[in-house]
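**Q** Got a structure for you, written out below as structure tokens; questions coming shortly.
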Amino acid sequence: MFFNRTFLLTCIIGLGACLRFYQISSIPSAVNYDEALNGLTAIQILDGKYPELLSFDDGREPLHFYLASLSISIFGNTPGALRLPFVTCSLLLVFIVYLISKELYGVKVGMIASLLCACTVWTMYLGRYATRSVLFGLVAGIAFYCALCAWRINKTSIWLLSGFWIGVSYYTYPINLFVIPTIVFVLFGTYLWSRDKFLRNRRGVLLMILLMLLISSPMFISRIQLVEQSFGRPRSLSVFYEGQTYYEMLKTLFTQLVLVGRMFFIRGDYNPLHNIPGRPVFDLFMVVPFVFGIARLFNKNDKMRGVLVVFWITIFLLPTLLSKSAPHFLRSVGILPIIFAVPALGCVAIVDLLKHYFGKLLSIMIASGLLLGSLTISIRDFLFDEFLNEPYVYRAYHGDETLLALDINNRLIRGWIGNNLWALPNQEHTQVWVDPDVWHRSRYAEFLVGAEPNLINGLTLLSQASIFPSTGGAIFVHPRNYDVWMKHISQDKDIYVDTGPWLYDSFSHTDESLYRIISW
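For the sequence shown, the positions run 144 to 663 when this note's numbering is used.
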């Protein structure tokens with residue numbers, strides 16, 4: 144039995160890995176601006192310059208920078224290196240979902256929940272956008288599982304482990320602000336529901352809280368010292384504003400409830416960095432299992448666990464409920480450790496109900512058919528419909544802005560050239576000069592090229608003192624400097640001119656080429 148269970152779970156995780164790591168280094172063939180900033184910060188860590196606990200204007204927590212720096216130290220400055228740690232976290236979440244669901248409702252529910260987590264578009268895509276949100280889902284899930292185990296067996300080491308991971312969650316993503324309210328309400332509820340067991344576990348609970356406070360205290364202190372940096376962005380994202388009437392607040396809250404409530408089966412996140420635009424969390428195949436799962440949550444024998452599941456989902460939907468752009472899948476990651484247990488529980492409930500009428504085999508086939516239909520649609524939408532290659536996804540990842548680095552690297556035959564996970568060593572295929580007006584406008588090039596011009600063989604910052612070879616050279620110039628530099632190049636050369644990507648300038652309200660390439 145143990146071997147069969149391990150083999151099945153291994154297959155599920157293997158399937159999840161295939162779906163997540165599919166062409167991780169090449170699609171989307173670009174890096175988003177936030178990814179580039181994270182990559183540059185990770186490089187600074189490798190150079191011995193460590194970030195503050197809250198970095199940049201939006202107060203980014205530091206843990207994801209260190210994970211990215213570890214990956215970059217191995218693979219080099221490539222999009223795949225940026226994405227790999229976060230895709231791995233998304234895969235580990237599959238295992239954590241299994242552990243939590245098994246702890247709450249048994250092995251069958253755990254297996255089905257992990258399969259749903261492995262093959263749902265939201266979780267498949269989550270780590271590919273190399274930012275910090277997935278870390279909270281994973282760390283919160285580990286902490287939750289440790290707390291469940293500690294509550295059951297009352298072992299000091301596990302209580303401490305839970306406290307450790309709760310503390311770590313404060314270094315992941317801003318929705319960690321909801322962690323302490325969650326702890327307070329859960330402990331209060333368990334005290335009312337099962338006072339005797341709470342009193343038996345009180346020493347472990349106290350140790351968990353103390354260790355959590357010890358580990359998270361540097362972040363609390365930093366937030367107090369940098370109040371505007373810590374809470375400025377959450378305040379700007381809030382759907383509530385100063386001077387809002389009670390009627391307007393109620394109207395806004397109702398609208399938000401509809402938007403968030405419908406994300407499960409009607410309309411999901413529209414941001415192509417987070418989701419296939421508009422795709423709900425689950426498809427229609429999961430409607431019946433989800434409804435059955437909700438009903439089973441309040442089974443008289445499992446009511447305490449059901450209340451815990453509903454409370455967890457409710458409180459970690461608040462970050463998207465109370466903010467603009469709802470539903471926002473990144474701000475909803477707190478529900479991921481437990482949400483898949485609901486339809487999984489429903490699948491088991493369907494089998495239990497139908498076997499009295501149709502027999503066990505047919506009832507299993509019906510539930511399996513619903514599950515298989517859902518997984519097939521998810522995999523089709525994500526992979527076979529070429530979502531990752533859609534032009535709007537390329538634009539969302541700032542593909543045009545990334546082309547400067549790609550053009551430079553392809554001429555030097557170094558770093559990332561479009562499809563490699565490992566950065567290539569510099570082969571200095573041609574001499575490249577880059578206009579300061581082009582280079583200093585591109586964070587993407589700073590990360591993907593890997594070093595400043597003049598620090599790389601073959602790459603030089605363009606200046607009046609530049610001397611060009613007779614053959615094998617290329618100049619990247621800003622369009623306004625194009626005529627000036629054309630005069631510096633000997634007319635006896637065979638000159639080729641390529642135009643870089645065109646972008647809309649919102650200040651001048653004109654289309655402008657990012658750069659031009661003069662080569663010979």
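Cβ coordinates follow ideal geometry from the N, Cα and C atoms, glycine included. Model, not experiment: these values are computed from the prediction.
In this structure, how does DSSP classify T642 when only helix, strand and coil are distinguished?
**A** Locating residue 642 in the sequence shown gives position 499, counting from the first residue. Correct three-state label for T642: strand.
**Q** Find the nearest neighbour of L242 within the set L291, G219, W265 and F199, judged by alpha-carbon distance.
**A** The residue labelled residue 242 in the question sits at position 99 within the sequence shown. L242 has its Cα closest to that of L291, out of L291, G219, W265 and F199.
**Q** Let me make sure I understand the geometry here. Which of I522, L206 and Q399 has the alpha-carbon closest to that of L465?
**A** If you number the sequence shown from 1, residue 465 lands on position 322. Considering only alpha carbons, the answer is Q399.
**Q** On a CA-only basis, which of G182, P317 and Y248 is nearest V277? Give me that one, please.
**A** Locating residue 277 in the sequence shown gives position 134, counting from the first residue. Cα-wise, what sits closest to V277 is P317.
**Q** Thinking I478 and L497 are a contact (beta carbons under 8 Å), I'd like their distance in whole angstroms, please.
**A** Counting from 1 along the sequence shown, the entry for residue 478 is found at position 335. Counting from 1 along the sequence shown, the entry for residue 497 is found at position 354. The pair is not a contact, with the Cβ atoms about 28 Å apart (cut-off 8 Å).
**Q** Between the alpha carbons of G284 and L196, how many angstroms are there, rounded?
**A** What you label residue 284 is simply residue 141 of the sequence shown in a count that begins at 1. What you label residue 196 is simply residue 53 of the sequence shown in a count that begins at 1. Answer to the nearest angstrom: the Cα atoms are 22 Å apart.
**Q** Can you tell me which residues form a DSSP beta bridge with W699?
**A** In this structure the chain extends from 144 to 663, so residue 699 is not present and cannot be described.
**Q** Report all residues from its chain with a CB closer than 7 Å to the CB of P423; omit the five preceding and five following residues, and keep chain order.
**A** Reading the sequence shown from its first residue, position 280 is the one you call residue 423. So the list reads M406, F407, F408, I409, R410 and G411, once near-sequence residues are dropped.
**Q** Can you confirm whether the region 538-551 touches the region 184-198 when touching is taken to mean that 3 or more C-beta pairs between the two stretches lie within less than 8 Å?
**A** No, the region 184-198 is not in contact with the region 538-551.
**Q** Who are the Cβ neighbours of P361 in its own chain at under 7 Å, not counting the five residues just before and after it?
**A** One-based indexing of the sequence shown puts residue 361 at position 218. Cβ neighbours of P361 beyond the five flanking positions: L196.
**Q** In terms of residue numbering, what span does the alpha helix (DSSP H) encompassing S216 cover?
**A** Counting from 1 along the sequence shown, the entry for residue 216 is found at position 73. Looking at the DSSP string, the run of the alpha helix (DSSP H) that includes S216 is L206 to F218.
**Q** Assuming L461 contacts F321 under a Cβ cut-off of 8 Å, what Cβ separation, rounded to an integer in Å, is found between them?
**A** If you number the sequence shown from 1, residue 461 lands on position 318. If you number the sequence shown from 1, residue 321 lands on position 178. That pair is a contact at about 6 Å.
**Q** Who does D466 pair with in a DSSP beta bridge?
**A** Along the sequence shown, read from residue 1 onward, the residue named residue 466 stands at position 323. In the sequence as displayed, the identity of residue 466 is Ser instead of Asp. S381, per the DSSP bridge assignment.
**Q** Between L657 and F454, what straight-line distance do the alpha-carbon atoms span, to the nearest angstrom?
**A** On the sequence shown, residue 657 is found 514 positions in, with the first residue counted as 1. On the sequence shown, residue 454 is found 311 positions in, with the first residue counted as 1. Rounded to whole angstroms, L657 to F454 spans 50 Å at the Cα level.
**Q** Can you name the start and end residues of the alpha helix (DSSP H) that I326 belongs to?
**A** Walking along the sequence shown from the start, residue 326 turns up at place 183. Taken as a continuous stretch (DSSP letters only), the alpha helix (DSSP H) holding I326 covers V322 to W336.
**Q** Got a sec? Which residues, its chain only, sit under 8 Å from L427 by beta carbon, not counting five neighbours each side?
**A** Taking the first residue of the sequence shown as 1, we reach residue 427 at position 284. Correct list, in chain order: F408.
**Q** Can the beta-carbon of S216 be found less than 8 Å from the beta-carbon of L189?
**A** In the sequence shown, residue 216 corresponds to position 73, counting from 1. In the sequence shown, residue 189 corresponds to position 46, counting from 1. In contact: S216 and L189 (Cβ atoms closer than 8 Å).
**Q** Which residue or residues does DSSP assign as beta-bridge partners of A654?
**A** What you label residue 654 is simply residue 511 of the sequence shown in a count that begins at 1. According to the sequence provided, residue 654 is Asp. The question's Ala does not apply to it. Paired residues: Y647.
**Q** Short of 7 Å in beta carbon distance, which residues of its chain neighbour A588, apart from the five on each side in sequence? Order them along the chain.
**A** Working through the sequence shown from its first residue, we reach residue 588 at position 445. Only L547, A548, I551 and W582 meet the Cβ criterion.
**Q** Three-state secondary structure (DSSP) at S373?
**A** For this step, residue 373 is matched to residue 230 along the sequence shown. Helix at S373.
**Q** For the alpha helix (DSSP H) containing I301, list its first residue and its last residue.
**A** The residue you call residue 301 lines up with position 158 of the sequence shown. Run containing I301: T299 to V311, per the alpha helix (DSSP H) assignment.
**Q** Only counting the same chain, and skipping five residues up and downstream in sequence, which positions put a Cβ closer than 6 Å to that of R366?
**A** Here residue 366 refers to the residue found at position 223 of the sequence shown. Cβ within range, chain order: S373.
**Q** Identify whether R410 lies in helix, strand or coil by the three-state DSSP scheme.
**A** Translated into positions along the sequence shown, residue 410 becomes position 267. Of the three classes helix, strand and coil, the one that applies to R410 here is coil, per DSSP.
**Q** For the region 482-491 and the region 235-250, state whether three or more C-beta atom pairs, one from each stretch, are separated by less than 8 Å.
**A** Verdict: yes, contact present.
**Q** Which residues share a DSSP beta bridge with R439?
**A** In the sequence shown, counting from the first residue as 1, residue 439 sits at position 296. BP columns for R439 are empty, so no partner.
**Q** Assuming contact is defined by CB atoms lying nearer than 8 Å, are N418 and Y268 in contact in what I supplied?
**A** Translated into positions along the sequence shown, residue 418 becomes position 275. Translated into positions along the sequence shown, residue 268 becomes position 125. A contact, by the Cβ cut-off of 8 Å.
**Q** Excluding the 5 residues preceding and the 5 following D288 in the sequence, name in chain order all residues of the same chain whose CB lies nearer than 7 Å to its CB.
**A** Mapped onto the sequence shown, residue 288 falls at position 145. In the sequence as presented, Asp is not what sits at residue 288; that position holds Tyr. Only I239, L242, I243 and E246 meet the Cβ criterion.
**Q** CA-CA distance, L598 and L564?
**A** By 1-based counting over the sequence shown, the position of residue 598 is 455. By 1-based counting over the sequence shown, the position of residue 564 is 421. Approximately 23 Å between the Cα atoms of the pair.
**Q** Taking C-beta to C-beta, are T463 and R474 nearer than 8 Å?
**A** Locating residue 463 in the sequence shown gives position 320, where the first residue counts as 1. Locating residue 474 in the sequence shown gives position 331, where the first residue counts as 1. Yes, these two residues count as a Cβ contact at 8 Å.
**Q** Check each candidate in F501, V264 and S198 and name the one with the smallest Cα separation from D528.
**A** The sequence position of residue 528 within the sequence shown is 385, counting from 1. Nearest of F501, V264 and S198 to D528, Cα basis: V264.
**Q** Do you know offhand how far F199's Cα is from F383's?
**A** Residue numbering aside, residue 199 sits at position 56 when the sequence shown is read from its first letter. Residue numbering aside, residue 383 sits at position 240 when the sequence shown is read from its first letter. One C-alpha to the other measures close to 24 Å.
**Q** Check R659 in the structure and name its three-state DSSP category.
**A** Taking the sequence shown and counting its residues from 1, one reaches residue 659 at position 516. Note: R659 maps to strand in three-state DSSP.
**Q** Am I right that L281 and L236 are in contact with their C-beta atoms under 8 Å? What's the rounded C-beta distance?
**A** On the sequence shown, residue 281 is found 138 positions in, with the first residue counted as 1. On the sequence shown, residue 236 is found 93 positions in, with the first residue counted as 1. 5 Å between Cβ atoms; contact.
**Q** Just to confirm my understanding: we take A566, look at its own chain, exclude 5 residues before and 5 after, and list those with CB closer than 8 Å. What are they?
**A** Here residue 566 refers to the residue found at position 423 of the sequence shown. Once the five neighbours on either side are set aside, the close Cβ partners of A566 are F218, G219, N220, T221, A224, R557, G558, W559 and G593.
**Q** Tell me, please, which residues DSSP counts as bridged to R203.
**A** By 1-based counting over the sequence shown, the position of residue 203 is 60. Bridge partners of R203: S198.
**Q** On the premise that P205 lies in contact with Y314, defined as a C-beta separation below 8 Å, what is that separation, rounded to the nearest angstrom?
**A** Locating residue 314 in the sequence shown gives position 171, counting from the first residue. Locating residue 205 in the sequence shown gives position 62, counting from the first residue. The Cβ separation is near 6 Å, so the contact holds.
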